[in-house]
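Residue numbers (the working numbering): 35 to 380. Remarks on the structure that follows.
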Ligand code: SF4
């Protein structure tokens, strides 16, 4: 295979799994990384148009009851996360999302911990029914792991749910056994397969560097993306570097590589073509073919309030009690606007 020839062909057709692995492996110098990203950006503009989309995020909508905790969970660093006191009341979510809606955002992901068993299922389905009724114009996506059964998805779609994220992060069963001992990969696959079967939009996440201690795993990443090609209702793909959380059993592992993450994003664009790839809040993400900013105007309790700039004070809108909306819309869309892309709601 020839690097330049594969990229030339990628302008006009989806690359296959072998070409994906080849491109990631061979993009090992700065000029080849730039060339890969240039083609990915071109394909994004030609397939989707020169624009990015934005959507919001709420956390947390459910507590996490998984035992033992996943070994890289943020909870190891901050015990309050995904605990009951982190969870927003349903009416608080409605109040905050009315503010988000008034600022022009039309879709939002409801992020939460995995709330297992019948309690989690009842809570999640009731929450979705209530929010769909109260926010009929907002596209609501559910992202709280397998906190419900696959058979509940059709019901929730009927109430108006737009999409669901039940993230694999890896498709390596052995990594699940070691790193996510309280969860089963199969449960997640069943939910995503059911989304596709009934026509509910899918958001899916790949973690770069999970369980590999810094070594690139091109084959796994290429086959992960290849697996996603089979979903007709795949709409959003997120590719993030693994972060070894403070205080977690993984804290001494190497973090996932930023460069490998960008290469995987560019290759995802060349494979999956018309899906929304998140990461367009950074100049590097835009150059790698990203088309979506997922976390504009995050809604959260004030102690969490992620989405703030690490460098300067982001504006916070206090909605009710200690619930805030972080107003990062301008800063998160600025790189795209400064690079000639328009900004639209998802
Ligand atoms: S399911 Fe999510 S919130 Fe729960 S322990 Fe695992 S990573 Fe943490």
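Cβ coordinates follow ideal geometry from the N, Cα and C atoms, glycine included.
Item                                                                                                                              : Value
Near the ligand SF4: residue 219 beta-carbon under 7 Å from a heavy atom                                                          : no
Span of the alpha helix (DSSP H) around residue 91                                                                                : Note, residue 91: premise wrong, no alpha helix (DSSP H); beta strand (DSSP E) at 85-93.
Entirely enclosed beta strand (DSSP E) segments - the stretch 37-120, minimum 3 residues                                          : 85-93
8 Å Cβ cutoff met for residue 218 and residue 245                                                                                 : no
For residue 145: DSSP bridge partner residues                                                                                     : 93 and 177
Coil, strand or helix - residue 308 by DSSP                                                                                       : coil
Run of the alpha helix (DSSP H) containing residue 219, from where it starts to where it stops                                    : 219-232
From 256, 204, 197 and 224, residue whose alpha carbon lies closest to that of residue 233                                        : 197
N-terminal and C-terminal residue of the beta strand (DSSP E) that residue 376 is part of                                         : 376-379
Cβ pair count under 8 Å reaching 3, the stretch 261-278 against the stretch 299-312                                               : yes
Through-space distance from residue 287 to residue 106, alpha-carbon basis                                                        : 10 Å
Beta-carbon contacts of residue 379 that lie in its chain and below 8 Å, excluding the five residues immediately before and after : 87, 88, 89, 138, 139, 140 and 141
Contact shell at 5 Å, judged by CB to any heavy atom of the ligand SF4, ordered along the chain                                   : 98, 100, 103, 104, 107, 116, 147 and 148
Residues of its chain near residue 347, where Cβ-Cβ distance is below 8 Å and the 5 sequence neighbours each way are ignored      : none
Beta-bridge partners of residue 274, as assigned by DSSP                                                                          : 241
Sequence-distant residues of its chain with Cβ nearer than 6 Å to residue 154 (five each side left out)                           : 181
Where the alpha helix (DSSP H) containing residue 209 begins and where it ends                                                    : 207-213
Where residue 246 sits in the DSSP three-state scheme                                                                             : coil
Residue 332, DSSP secondary structure in three states                                                                             : strand
Host beta strand (DSSP E) of residue 198 (start-end)                                                                              : 197-199
Three-state secondary structure assigned by DSSP to residue 326                                                                   : strand
Own chain residues within Cβ distance below 8 Å of residue 260, not counting five before or after                                 : 50, 51, 54 and 305
Cβ-Cβ distance between residue 33 and residue 239 below 8 Å                                                                       : As shown, the chain starts at 35 and ends at 380. That puts residue 33 outside it, with no answer to give.
Meets three-Cβ-pair contact criterion under 8 Å: the stretch 177-195 and the stretch 147-162                                      : yes
Local conformation of residue 451 per DSSP, three classes                                                                         : Look at the range of the chain in this structure, 35 to 380, and you will see that residue 451 is not part of it.
Beta-carbon contacts of residue 126 that lie in its chain and below 8 Å, excluding the five residues immediately before and after : 353, 354, 355 and 357
Whole-angstrom distance between residue 57 and residue 301, CA atom to CA atom                                                    : 7 Å
Whether residue 320 touches residue 275 by CB criterion (8 Å)                                                                     : no
Minimum C-alpha distance to residue 282 - residue among 98, 104, 38 and 323                                                       : 104
Alpha-carbon to alpha-carbon, residue 74 and residue 331                                                                          : 27 Å
Simplified DSSP assignment, three categories, for residue 172                                                                     : coil
Where the beta strand (DSSP E) through residue 349 begins and ends                                                                : 349-354
Through-space distance from residue 227 to residue 170, alpha-carbon basis                                                        : 26 Å
Classification of residue 345 by the beta-carbon crowding that lies within 10 angstroms, buried from 16 upward                    : exposed
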